[in-house]
Amino acid sequence: MKQKKLPNKRHKGLFLYCTECKKYFTYTNKNVKGKVGNTTKQEPECGLTESRLSSCKVLDKHRYKSRIHVPGNNKRIVSRTHDADTYPEAVVQAIDFENEFTLDLKLNGRSDKGTKRYYLFDCQIQYIDFLQNIGVPDHQKVQRSEKHIKEIQKSLLLFNEALTNNKVNKKMTLIDQITDDHVGFYHTYLLKDKEYSSKTYNNKIAVLRSFFKWCIEKFELNIYNPFEKVRARAVVVKKDTITQQEFKKLLEIISPENGHTTTGIKQVKARNRYKPYLKDAIELALHTGGRREEVVDLTWNMITESNNEPVFITVRNLKVERQKGEGFNENVAPKIIPVTKSLKKLLYRMGYENKKGKEEYIISPDRTKTSTYALMDNLSKGFSHFYKQLGTGRNLQLKSLRKTYLTYLSAALSGNAKSLSSHTSDEVLQKHYIDEKIVSKAVKELDIFSS
């Protein structure tokens, strides 16, 4: 991460702010003349370590920030955190902020009021910082995935786009000026302009509802949440499972020759969705019913034996652990994956006799340069790519394998699948995963797609 810098003659009101030590900096280095006439360079000190600013270990938490004194009240200051990476960009944004503030004062005539002003765009930046645990006390920190934060950022950007399309300036609009009209702009933009499904619409609305809830609590705003009145749209839950014939054909066509595809519109790139571990990973996903991360991070020593045969696999319940947060998740019960008749066949075929008890990944053990996230992504995209080639007219995703497994498991265990699948209730399991069309095909000893 490159250090953000300020010149000696900086733009008035523009500072460098550290969200970790809460300190404002007016320069990053300057020449200081000594008593004997020699010149030395001087740097400000970090607010936490008292070391040189350039050696700060949290350079990614430095932000350019503008502060403006409100006319008529020397103690009142309005500020805006800029999303600029360089000083010239920050100056442009600082000038925009100053012009917007001046115009806002003229239009609203609020210079004599004592209430603090919170701008929508500034609040959005602070919210993303909060999600990334920047400036958050240790006891309140929650670990969120980069993907999750990017999805939230996308929803906030969509809201801003909806406002811009309706000639509303996101940088001039105060958070307490957002009304039902603005929510209506977003509603229409999601459904008519973007043509999102009901499920996606509900997710995007939920993000904005959470954002405003955070703003109201964070800044102690005496306003109602404008997104509370938005009703969730009805969602048709698809319980698509994969058939034995489809699964067999899918495995047959997975090859380097069939893996070629292209991605991108402006910059088209050639890719190959085939991976040497893809077949094994897809089979393991079906016969364990595991989520992507659970499947790619399975190790041989997770398997428990009885009478020299594999009986079950113990997996950390990562979803629940992350929901509870660090320090509150020590007592989360693990998930138990039974080694069914079909899973046992697969494990032995993959080398169980020689690998059992080893702390080695079952999928792609030599993953020195490949992250868990990359493996998960390859697994999802690989499944979708090859399944489309079957030409079934259906749009199945990797999670259909989990639905297929849990459907068979529920039938085999007479409704007690929740104790193994980690779902909180049979109702949740039934609504989202059970496909009644194949329940009657389940056998007493669970052997998915037995021949």
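Quick note: the sequence shown, position 19, residue 17 per the numbering used here, numbers continuous. Here a beta-carbon is modelled for each residue, glycine too, at the ideal position from N, C-alpha and C. Note that the structure is predicted; figures quoted are calculated from it, not measured.
Ala160 is classed as buried because its beta carbon has at least 16 other beta carbons within 10 Å across all chains shown. DSSP, reduced to helix, strand and coil, places Ile361 outside both helices and strands of the structure shown, so it counts as coil. Apart from sequence neighbours up to five positions away, the residues of its chain that approach Lys247 with a beta-carbon distance below 8 Å are Leu388, ordered along the chain. With a beta-carbon spacing of about 6 Å, Leu51 and Thr26 fall inside the 8 Å limit used to define contacts. Within a 10 Å sphere around the beta-carbon of Asp120 sit 16 or more other beta-carbons, which makes this residue buried. Taken atom to atom, the span from the alpha-carbon of Tyr117 to that of Tyr184 is near 18 Å. Ranked by how close their Cα comes to the Cα of Leu249, the residues Lys202, Ile263, Ala283 have Ala283 in first place. In summary, Asn376 is buried, with 16 or more beta-carbon neighbours lying within 10 Å of its beta-carbon over all protein chains present. The alpha carbon of Val68 has as its nearest neighbour, out of Glu87, Tyr62, Leu101, the alpha carbon of Leu101. Taking 8 Å as the cut-off, the beta carbon of Tyr62 is found no closer than this to the beta carbon of Pro5. Phe13 is positioned such that its CB atom lies closer than 8 Å to that of Arg65. Runs of the alpha helix (DSSP H) lying entirely within the region 111 to 183 and spanning at least 4 residues, in chain order: 118 to 129, 144 to 163. Taking C-beta atoms under 8 Å as the contact rule, His9 and Ala92 qualify, at a distance of about 6 Å. For Gln387, there is no enclosing beta strand (DSSP E), as DSSP gives it neither H nor E. Under DSSP, Gln40 forms a beta bridge with Lys28. In the structure shown, the three-state DSSP call for Tyr350 is helix. Three or more Cβ pairs closer than 8 Å define a contact, and the region 141 to 154 meets that threshold against the region 196 to 209. Take Leu296, set aside five residues on each side of it, and the residues of its chain with a beta-carbon closer than 8 Å to its own are Leu282, Thr286, Gly288, Ile311, Val313, Tyr359, Ile360, Ile361, in chain order. Asn393 sits exposed, since fewer than 16 C-beta atoms from the chains shown fall within 10 Å of its C-beta. Remark: C-beta atoms of Asn223 and Lys211 approach each other more closely than 8 Å.
Between the C-alpha atoms of Ile147 and Val134 there is a straight-line separation of about 16 Å. Between Leu276 and Thr38, the alpha-carbon positions lie close to 60 Å from each other. Partner residues in the beta bridge of Phe13, as assigned by DSSP, are Lys63. Per DSSP, reduced to three states, the secondary structure at Thr312 is strand.
Glu291 has its alpha-carbon roughly 34 Å from the corresponding atom of Glu226. Under the three-state reduction of DSSP output, Ser53 falls in the helix class.
Counting every other CB atom within 10 Å of its CB across the protein chains shown gives Arg142 a total below 16, marking it as exposed.
For Glu307, the pairing in a beta bridge is given by DSSP as Ser304.
Assignment of Ser208 by DSSP, reduced to helix, strand and coil, places it in the helix class. Arg271 and Thr259 have their C-alpha atoms roughly 7 Å apart.
Asp179 and Asp58 have their alpha carbons spaced roughly 37 Å apart.
In the three-state DSSP reduction, Tyr22 falls in the strand class (E or B). Straight-line spacing of the CA atoms in Gly11 and Glu96 works out to 9 Å. Assignment of beta-bridge partners to Ala268 by DSSP yields Thr260. The C-alpha of Lys343 lies about 33 Å from the C-alpha of Arg320.
Thr297 sits in a strand when the DSSP states are folded into three classes.
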